[in-house]
Every structure is written in C-alpha cells, then in structure tokens.
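**Student:** The structure's right below; bear with me while I get my questions together.
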Amino acid sequence: MSSANELFPKIGQVADKTTKDDSAEAEVEEKVVDEIDSLCMKCFEQGKTRMLLTSIPYFKEVVVMSFRCEHCGWSNNEIQSAGMIRPEGTLYTAKIRDRADLNRQIVRSSNCEIVIPELDLTLPPTERGQLTTVEGLLRDIIADLSGDQPLRKVQDEDTYTKVEALLTKMWGMLGDSPDAEDNDIEDAQTAGTSEKKDIPVQPFTLKLDDPSGNSFIEFLGSMSDPKWNLRTYPRTFEQNVQLGLVAREEEGGEKGAGEEQVNGEVTKDEVLTFPGKCSSCGHNINTYMKRVDIPYFKEILIMSTNCDTCGYRDNEVKSGSAISPEGKRIILKVEDVEDLSRDILKSETAGLEIPEIDLVLAHGTLGGRFTTLEGILNQVYEELNEKVFAGDSAETEDKRSFEKFLEDLKSTITCEKPFTVILDDPLANSYIQSLYAPDPDPGMTIETYPRTWEQNEELGLNDIKVEGYEEDEAAERAAEKEAQEQEKKEPNTVQS
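Taking full-length UniProt numbering, the leading residue of the sequence shown gets 1, the next gets one more, and so forth.
Set out below in structure tokens:
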C-alpha cells in the first residue's frame with residue numbers, strides 16, 4: 001500500500017508541493033512531474049509531454065498528461081485511468097444550484113457520456129479523457145458552439161437562432177454574461193468578480209454516464225451531499241463489446257441445460273432451470289427456481305439468475321404460502337454498519353418507516369424487493385432525490401426542509417448514528433434477517449396484529465370466499481333462471 005501511495009500521491013499533496021518558493025521550483029517539478037520528449041503532430045517538431053501520476057480522493061489513481069510544442073504553440077491535455085475497469089457502469093448525478101457547485105471537479109474518461117437534461121444536451125464519449133470542473137466544462141461547450149456561429153448566421157439562420165438560444169441558457173447556468181466573452185480574460189476575472197457574485201446561477205442537472213466506471217464528479221463535504229448521487233448498473237452486451245471486454249457471438253449458440261418441459265408440482269428438492277439470454281452481456285444463461293423454507297418465516301419461491309461471463313445477478317422472491325390471518329410488524333434497531341447488510345424481503349403490500357428522520361413509505365411503495373437494508377435505503381434516496389430538485393427552482397422553506405431530510409436519509413445509509421426501521425406488512429409476507437436465529441435477536445422485535453376491515457377491503461380480502469362458494473354460485477344461477485321464466489309468463493301490454 002505504501003508503494004502505491006508513493007507512486008500515486010493524492011492530488012492535494014501534489015498541489016501543496018507546487019506552492020514552495022521559487023528557489024526550489026525546479027527541484028519540485030522534477031519530483032512531481034515527469035517530462036518526456038514527444039513528437040508534435042502539428043509541426044512534427046520535438047515537444048514536451050508533462051506526466052503526473054496522482055490519486056483523486058474517494059475515486060482512484062489517474063495519469064494526467066499535458067503536451068506543449070514550443071515551436072508552433074500547440075498544446076493538448078489528457079487524463080487516463082490507472083486502475084482497472086469496474087465490474088459495473090456508474091452514473092453520477094449532481095444538482096448544480098450555486099457557484100460552489102460550479103467548482104466541483106470532474107474526471108471524464110474517454111467512455112463517458114455527459115447529459116444536461118434541462119438543455120436536452122448530450123455530449124458523446126470523446127477520444128481523450130478530461131480533468132476539469134463543472135464551470136470549465138460549460139465554458140468549453142460554449143467555446144465550441146460559439147466558434148461556428150458567424151458561419152451559421154450566414155448559411156443556416158434557423159440553426160444559428162437555436163444555438164444562440166442554447167448559449168444564452170448556458171450563460172445563465174454560469175451566472176455570467178456573454179458580453180464578458182468579448183473583453184480581455186483578465187479584465188473579466190478582475191472587474192467582473194464582485195458583479196458575478198450578485199448574479200444568480202440558473203439551477204441545472206449534470207449526469208456522467210460511464211459504462212467503464214472510470215469517471216467521477218466531486219461531492220461537497222462528504223458523500224452525504226444531498227445534491228450528489230452515485231448509482232451503479234450492469235453493463236449491456238453492446239457496452240461490453242465497445243469496451244473490448246467480450247467478443248460478439250454468432251446467433252444460435254449452444255442451448256442451455258434444462259430445456260425440458262416440467263409438469264406437475266414442484267417439490268422442495270427440485271430445482272427448475274429455464275434457459276435464456278443475459279440482459280447485460282447477451283450470453284446464454286440459466287434461470288433457476290426452487291421452493292425454499294426460510295427458518296422461522298414461511299415457504300417462498302426463489303428465482304435466481306447468474307451470468308458467469310459478465311457477473312450479472314438477479315433475484316426474485318414470491319410467497320408460496322397461504323394468506324396469513326394476521327399482519328406483521330418488524331422493528332429493527334440499527335446500531336452499526338453490520339446491520340445494514342441484513343437481508344430484507346419487502347413484499348408489495350409492506351410499508352417502511354424510520355421515525356428518527358420522519359421517513360414514512362406507504363404500503364406498496366417501491367413494490368416488492370429482495371435486497372439488503374442498505375440497498376433498499378439507497379433506492380429510497382434515489383427516488384426522492386429525483387423529485388426534490390424537479391420543477392420550480394425557487395428557494396422555499398419546504399425545499400430547504402426536504403434537503404435537510406435528504407441529508408439525514410443519506411446519513412442513515414452510512415450509519416452515522418443509530419436509527420430504527422419499522423417494516424409493517426398486513427399480509428405478513430415480509431422478512432428481515434435475524435443475526436441470532438434461532439435465539440431471539442436483541443435488536444429486533446416482531447409483532448403480530450389483527451387486520452382491520454379497511455385493510456382487508458384494500459387488499460380485496462373481504463370479497464374472497466374460499467368455502468361454500470359452490471352453493472352460492474348454484475343459488476345465483478337458480479335465481480337468474482327463475483327471473484327469466486317470470487319475464488316469459490308476463491303478458492305483453494299493447495297501448496291503444
């Protein structure tokens with residue numbers, strides 16, 4: 001570990017080294033930055049490539065390269081990942097609301113796609129990586145779009161008008177004016193500094209979608225930043241092909257095992273196999289289904305899909321027992337990170353509460369889930385985080401309160417302080433793993449309660465009749481037949 005830290009020092013440590021006095025500047029550069037003679041592809045003279053090996057906190061090791069030719073003045077910057085391709089893709093989402101958010105650092109790999117939904121703008125993957133900030137990214141986009149505007153105004157005025165409207169919105173996102181572009185850069189930075197602070201920044205969303213997982217956007221303070229979110233996802237087959245991880249297979253490969261049709265009841269010792277295609281990489285896989293008795297719970301059906309090629313995994317659970325006569329309430333005291341790894345089965349009828357942060361999920365919210373406690377809290381955060389910054393961007397008391405709520409929710413995901421999870425299921429089809437089974441779990445309480453008439457009505461149980469329904473059906477048919485015969489006997493009345 002020490003050798004890795006010496007080879008890839010943190011970027012903050014590198015910045016501290018470069019602030020030494022001028023007398024030691026040459027010595028510092030020799031230690032921090034490596035210089036390599038490189039051929040300039042513009043004038044074919046000899047230039048210099050400066051290479052820095054560093055690590056970005058909470059991300060990974062990277063290689064920053066900067067080339068400059070003293071003969072023609074051409075320069076170029078590039079960043080490359082020094083780590084492995086992650087097993088899953090990453091999607092970073094940042095809500096940019098003020099000037100502090102414009103200073104967030106961005107690491108963009110050559111496989112990263114950047115999306116700004118408010119502008120309907122998508123930046124496709126590039127040939128080279130990039131190390132910049134949110135503000136630097138926006139100014140680069142503005143510079144690229146503005147370069148051809150005079151030509152568009154002459155050749156295609158309609159396109160010119162649309163691009164000009166897009167540029168106006170982007171200047172608003174920077175809290176800047178396009179007039180500053182015509183002034184000298186130094187004048188704009190000095191004279192306009194105090195004025196810029198008074199210009200509000202137009203809020204927007206920035207998304208970095210990288211199937212290789214080698215891109216990053218900085219969070220402010222800690223990972224509990226409510227305006228920052230990270231989501232991982234399994235790569236598709238096309239994405240794996242583009243990254244060079246798998247080769248395209250010809251259609252009609254070997255069929256998976258277990259393709260024979262199975263009839264009759266599934267026994268507890270029997271595992272059914274269903275062949276199919278992996279939704280992530282497209283290779284042949286099998287889905288297995290088995291009846292399982294969970295100790296101290298009930299019988300369920302587990303369907304499991306595992307791909308040996310790309311590592312994609314998926315599980316689905318259904319109740320295999322009769323409807324419980326009573327509801328169940330599970331109360332779990334979460335004390336440390338170990339509790340976050342407990343398995344949790346939340347059925348489609350269950351509700352979830354965390355009283356410490358006033359979180360209440362109504363029954364049926366998020367549907368059925370079989371995951372860990374940490375996994376379901378992450379999903380709740382993602383669902384709510386998308387809504388808090390949508391719509392009106394005005395700062396209101398309700399919005400500030402909801403932002404505080406998101407901070408508290410994210411602190412529960414990292415288990416910064418103890419909290420309570422209440423899982424309430426009127427059908428008793430939900431479950432939280434006990435770490436002390438078969439002995440009582442000191443941190444978990446299970447309560448049963450009779451369902452109310454309203455709960456049975458909402459679940460459709462009041463209309464269910466499992467006994468004597470044959471007699472009722474026969475009586476209804478006899479009454480219907482009698483009514484038809486009565487109609488035939490009644491004489492037709494004719495008005496004169």
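Glycine included, C-beta positions come from ideal geometry on N, C-alpha and C.
Here the structure is a predicted model, which means the values were calculated and not measured.
Output the boundary residues of the alpha helix (DSSP H) element that contains S146.
**Tutor:** Its alpha helix (DSSP H) spans residues 134–147.
**Student:** Three or more C-beta pairs closer than 8 Å, one from the segment 198–208 and one from the segment 91–107: is that the case here?
**Tutor:** Because the criterion of three Cβ pairs below 8 Å is met, the segment 198–208 and the segment 91–107 touch.
**Student:** Give, in chain order, every unbroken run of the alpha helix (DSSP H) that is at least 4 residues long and sits entirely within the segment 79–132.
**Tutor:** Here the runs fully enclosed are 99–102.
**Student:** Assign P226 to buried or exposed, taking buried as 16 or more other Cβ atoms, counted over all protein chains shown, within 10 Å of its Cβ.
**Tutor:** It counts as buried.
**Student:** Taking C-alpha atoms, which residue in D339, I422, L137, D101 lies nearest to A350?
**Tutor:** Looking at the Cα atoms, I422 is the closest of the given residues.
**Student:** Hey, could you find the ends of the alpha helix (DSSP H) T159 is sitting in?
**Tutor:** That run of the alpha helix (DSSP H) goes 157–174.
**Student:** Could you give the distance in angstroms between the alpha-carbon of Q130 and the alpha-carbon of M41?
**Tutor:** Computed Cα separation, rounded: 20 Å.
**Student:** Determine, using beta-carbon pairs with one atom in the segment 232–241 and one in the segment 153–161, whether at least three such pairs fall under 8 Å.
**Tutor:** Counting Cβ pairs under 8 Å, fewer than three are found: no touch.
**Student:** Please report the straight-line C-alpha distance between I300 and T412, rounded to a whole angstrom.
**Tutor:** Cα to Cα, I300 sits roughly 30 Å from T412.
**Student:** Once you ignore the five residues that flank N77 on each side, which residues in its own chain have a CB closer than 6 Å to its CB?
**Tutor:** Answer for N77: S66, listed in chain order.
**Student:** According to the neighbour-count rule (16 or more other Cβ atoms, all chains shown, within 10 Å of its Cβ), is T452 buried or exposed?
**Tutor:** Its Cβ having fewer than 16 others within 10 Å, T452 is exposed.
**Student:** Would you kindly report the start and end of the unbroken beta strand (DSSP E) that includes V334?
**Tutor:** Taken as a continuous stretch (DSSP letters only), the beta strand (DSSP E) holding V334 covers 326–334.
**Student:** Let's test the definition: count the other Cβ atoms within 10 Å of the Cβ of I142 and tell me whether it reaches 16, buried, or not, exposed.
**Tutor:** With 16 or more other Cβ atoms within 10 Å, it is buried.
**Student:** Just how far apart, CA to CA, sit L359 and H283?
**Tutor:** Taking the straight line from one Cα to the other gives about 41 Å.
**Student:** Quick test of your reading: R329 and E218, contact by CB under 8 Å. State the CB separation rounded to the nearest angstrom.
**Tutor:** That belief does not hold up - the Cβ atoms of R329 and E218 are roughly 41 Å apart, past 8 Å.
**Student:** DSSP on Q46, reduced to helix/strand/coil?
**Tutor:** Q46: strand per DSSP, three-state reduction.
**Student:** Taking the beta carbon of N214 as the centre, do at least 16 other beta carbons fall within 10 Å, making it buried, or is it exposed?
**Tutor:** With 16 or more Cβ atoms within 10 Å of its Cβ, N214 is classed as buried.
**Student:** Cβ atoms of D339 and G443: under 8 Å apart, would you say?
**Tutor:** Yes.
**Student:** Sort T414, R291, I323 by Cα distance to S341 and report the nearest one.
**Tutor:** Checked all of T414, R291, I323; the closest Cα to S341 is T414.
**Student:** Checking 8 Å against the spacing of the C-beta atoms, do V292 and I302 come in under that value?
**Tutor:** Cβ atoms of V292 and I302: closer than 8 Å.
**Student:** So, at 7 Å on beta carbons, what are the nonlocal neighbours of Q484 in its own chain, with the 5 sequence-adjacent residues on each side left out?
**Tutor:** Cβ neighbours of Q484 beyond the five flanking positions: none.
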